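Engineer:
2 protein chains.
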Amino acid sequence: MLPVAVDAMGGDNAPDAIVAGARRAVEERGIPVVLVGREAELGDTGGIPVIEASEVIAMDDDPGSSVRTMKDSSLVRAAEAVRDDVASAMVSAGNTGATMASALLRTGRIKGVSRPAIATPIPGPSGNPTVLLDAGANAECKAEWLVQFALMGSVFSQTRFNIDKPRIGLLSIGEEAGKGSPLVKETWGLLDAVDWDALGAEFVGNVEGRDLMGDEADVVVTDGFTGNVALKSVEGTAKNIIAALLEAFGSTPEAQAASEQLLPALLPLYQRFNADSYGGAMLLGTKGVCIISHGSSGEEAMVNAISVAAEMVESDLVGKIQTAVNA
Amino acid sequence: MLPVAVDAMGGDNAPDAIVAGARRAVEERGIPVVLVGREAELGDTGGIPVIEASEVIAMDDDPGSSVRTMKDSSLVRAAEAVRDDVASAMVSAGNTGATMASALLRTGRIKGVSRPAIATPIPGPSGNPTVLLDAGANAECKAEWLVQFALMGSVFSQTRFNIDKPRIGLLSIGEEAGKGSPLVKETWGLLDAVDWDALGAEFVGNVEGRDLMGDEADVVVTDGFTGNVALKSVEGTAKNIIAALLEAFGSTPEAQAASEQLLPALLPLYQRFNADSYGGAMLLGTKGVCIISHGSSGEEAMVNAISVAAEMVESDLVGKIQTAVNA
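Taken in order, these protein sequences are the chains called A and B. Quick note on our numbering: the first sequence kicks off at 1322 and runs consecutively. Quick note on our numbering: the second sequence kicks off at 1322 and runs consecutively.
1. Closest to B/S1447 by CA distance: which of B/V1412, B/D1536, B/A1569 is it?
2. Using only the alpha-carbon positions, how far apart do B/L1454 and B/V1407 sit?
3. Please go through the same chain and pick out, in chain order, the residues whose beta-carbon is closer than 6 Å to the beta-carbon of B/D1544, but skip the five residues on each side of it.
4. What in chain B is Cβ-close to A/T1558, meaning under 7 Å?
5. For a cutoff of 8 Å on Cβ pairs, would you count B/A1438 as touching chain A?
6. Would you say the beta carbon of B/K1506 comes nearer than 7 Å to a heavy atom of the ligand SAH?
7. If you check the beta carbons only, do A/N1527 and A/S1493 fall under 8 Å apart?
8. Taking 8 Å as the threshold (beta carbon to beta carbon), is A/I1489 in contact with chain B?
9. Assuming A/G1474 contacts A/V1525 under a Cβ cut-off of 8 Å, what Cβ separation, rounded to an integer in Å, is found between them?
10. Count the other CB atoms, across all protein chains shown, that sit within 10 Å of the CB of B/Q1592; report buried if there are 16 or more and exposed otherwise.
11. Where do the N-terminal and C-terminal ends of the beta strand (DSSP E) with B/S1394 fall, by residue?
12. Looking only at DSSP bridge pairs, what is A/L1566 linked to?
13. Taking the alpha carbon of A/A1440 as the point to measure from, which residue in A/R1350, A/K1432, A/I1431, A/P1450 has its own alpha carbon closest?
14. Specify the secondary structure class of A/G1557 as computed by DSSP and reduced to three states.
15. Are the beta-carbon atoms of B/L1512 and B/V1468 separated by less than 8 Å?
16. Could one say the Cβ of B/V1541 lies closer than 8 Å to chain A's Cβ atoms, at least one of them?
17. Step through the CB atoms of chain B and report whether any lies within less than 8 Å of the CB of A/G1601.
18. Report yes or no: do the stretch 1330 to 1339 of chain B and the stretch 1358 to 1365 of chain B share at least 3 C-beta pairs separated by less than 8 Å?
19. Should A/A1596 be flagged as near chain B, meaning a C-beta pair shorter than 8 Å?
20. Suppose the cutoff is 7 Å on Cβ atoms and the five residues either side in sequence are ignored; what does the same chain contact list for B/G1548 look like?
21. Measure how close the beta-carbons of A/E1401 and A/R1427 come, nearest whole angstrom, since I'm counting them as under 8 Å.
22. Kindly indicate which residue of B/I1562, B/I1369, B/A1346 has the alpha-carbon position closest to the one of B/V1357.
23. Taking the alpha helix (DSSP H) that B/D1365 belongs to, which residues open and close that run?
24. Where does A/D1539 land, buried or exposed, given buried means 16+ other C-beta within 10 angstroms?
25. What number of angstroms, rounded off, separates the C-alpha of A/P1487 from the C-alpha of A/A1514?
26. Can you tell me the Cα-Cα spacing of B/L1520 and B/N1595, whole angstroms?
27. Report yes if the CB atom of B/V1434 is closer than 8 Å to the CB atom of B/V1646, and no otherwise.
28. Any idea which residues DSSP pairs A/D1328 with across the strands?
29. Looking at chain A, is there any beta carbon in it that lies within less than 8 Å of the beta carbon of B/A1458?
30. With a 10 Å radius around its C-beta and 16 neighbouring C-beta atoms as the bar for buried, classify B/P1444 as buried or exposed.
31. Going by Cα to Cα distance, which pick from A/G1571, A/Q1582, A/S1572, A/A1578 is closest to B/A1576?
32. So that I know if they touch, is there some Cβ in chain B lying closer than 8 Å to that of A/I1494?
33. Start and end of the beta strand (DSSP E) containing B/P1442?
34. What does A/Q1582 touch in chain B if you count any residue whose Cβ is under 7 Å from its own?
35. Evaluate B/T1390 with the Cβ neighbour count: other Cβ atoms within 10 Å of its Cβ, from every protein chain shown; 16 or more gives buried, anything less gives exposed.
36. Using CA coordinates, which residue listed in A/A1379, A/L1425, A/M1534, A/L1638 is at the minimum distance from A/G1331?
Here is the structure:
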């Protein structure tokens, strides 16, 4: 397998945690990796080769213009490595929009795909995550694009999470078919007309925001505006509740002692709800595997992201999406 | 004060929990109440008068047609009581759409208001909730309506939560002014042009889904589709995390014992995040105070809802909204 190109400069913990995660992916899991960035700043890479890139796109840089003007940035060079068959996939915890733009501009869209979408696994109580897409690539969408998102999401759910017959839900504000915005109503009709059986999937109709962390659907389709708002609502709520819990656990010596007793019962819960274990979001619809990790990714998240990238290359996710979209 | 009209038949726990909550509002807080529903089914009302209504709109009935055809339903009769100056406000834990439709059709809109909106307080770590509107009344919105939602929301935040200078945020997918859907971009321009200082409020620009439970804004404005998806994403996440926690607390005898030790530290947390303490959502923009409680409301939530209704009548919320909208 060609190495996974890892943007060493992207994310809140770059480059140290990125390099550490890359080293563990190589050493513990035997995955070939190439780092992309300013070699002089990376420290000991443990022998991992480096593609030199002199520029860094910052987290808050404008995605479109930074990718156009910063041609020697780590993100653009990582995408070029995939395009030029030097790498098999790219992984970045940097600027989401710029990661998407580099992948799209350098590797291009899969034939037949109208728009790539960001697919984000949301952990849930059942152990199987719900894949939400589009989580923010396209603020405005056409109904036809949402149908393609459903196709790509179901292939991803099958390939990545071994879901036998993914249940596809359409995000709306009521479960009945007539409920929602004009876009939702139009999309409902198109989704209902697809022969999902032939694709090994199932359309379960409208789902609601509360089902994102539930077990009503394996894939939830929506436009990138609604999807991003919903995703960040889920993340913000989880973060605030957990922060408040930890505060309560440490509020008195008695609470502290009791919470230590609870640790064995709470650890599996942490594992189940920890989004880091999924390695991040995935850009679906471009001609290369592209993983968009959370900006806050640490070493562990990077190991997982690189592993997922390698798995998706080996199981030919891109080829499977191309087949499904052109069926 | 005229009595608060309480729909005795609406909600998952009607009529028992509704009647029990109404009795406590009268007995413990001295608030005048009139129940609306099938008197024969209400049990001992403790002397609370009843407006007889023979029909009940079910939770899943179509709002528009049920309000038009079920003229002797508890919801329609409650709204008529407000219209006819028999009651000062209405409270229902029943069908949200039908509650809104009855209030709108029977009491009418405040002069100058284009569309009423549902304002839902979302509890947060700071103790002050964030008011989200529109949480589902209008699936499609114009930018001008969102500006009115901001006006109504800031009056509500001042009146209901004593926020001195409410910070108004516009829900989007990036904090920069240029980020978001065409509706968001247009609304941003209109909101930025309002003289908020004169209204005792402040426009803080775009906020994201993660800020709904945070402390970035006191009022968050969006269209009813996005608002409803976001609200249910928050609610679903909180519910799933709490359910998983309770499961972990009860998973072994050791965990059970430790979690009992933790109770004193966890109780204040429960109070802070318990949406029931706010009594429910509020329909803003109609000519009467109308509280839309959660379908799952129990006795305690009803006591709070009736208290909030009475407070909003006494502090003339409707008059203040009319002044702000026509300023």
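Note that the Cβ used here is the ideal one computed from N, Cα and C, for glycine as well. Since we're looking at a predicted model, the values are computed, not measured.
Structural biologist: With the given structure in hand:
1. B/D1536
2. 29 Å
3. C1462
4. For A/T1558, the C-beta contacts it makes with chain B under 7 Å involve M1534, V1555, T1558, A1559, in order along the chain.
5. It does not; no Cβ of chain A falls within 8 Å.
6. The ligand SAH is not part of the structure shown, which contains no ligands of any sort.
7. In this structure, A/N1527 places its C-beta atom within 8 Å of the C-beta atom of A/S1493.
8. Not closer than 8 Å to any Cβ of chain B, the Cβ of A/I1489 fails to qualify, so no.
9. Contact doesn't hold; Cβ gap of about 13 Å is too wide.
10. So B/Q1592 ends up on the exposed side.
11. First-last for B/S1394: undefined, no H or E at that position.
12. Partner(s): none; A/L1566 has no beta bridge.
13. A/P1450
14. A/G1557 falls in the helix class under three-state DSSP.
15. yes
16. Not closer than 8 Å to any Cβ of chain A, the Cβ of B/V1541 fails to qualify, so no.
17. no
18. Yes, they touch.
19. no
20. L1453, L1454, D1455, A1456, G1457
21. A/E1401 to A/R1427, Cβ: 5 Å. Contact.
22. From the listed residues B/I1562, B/I1369, B/A1346, the smallest Cα separation to B/V1357 is found for B/I1369.
23. In the DSSP assignment, B/D1365 falls outside any alpha helix (DSSP H), carrying neither H nor E.
24. buried
25. 17 Å
26. 31 Å
27. yes
28. A/V1357
29. no
30. buried
31. It is A/Q1582.
32. yes
33. 1438 to 1443
34. E1575, A1579
35. B/T1390 should be labelled exposed.
36. A/A1379
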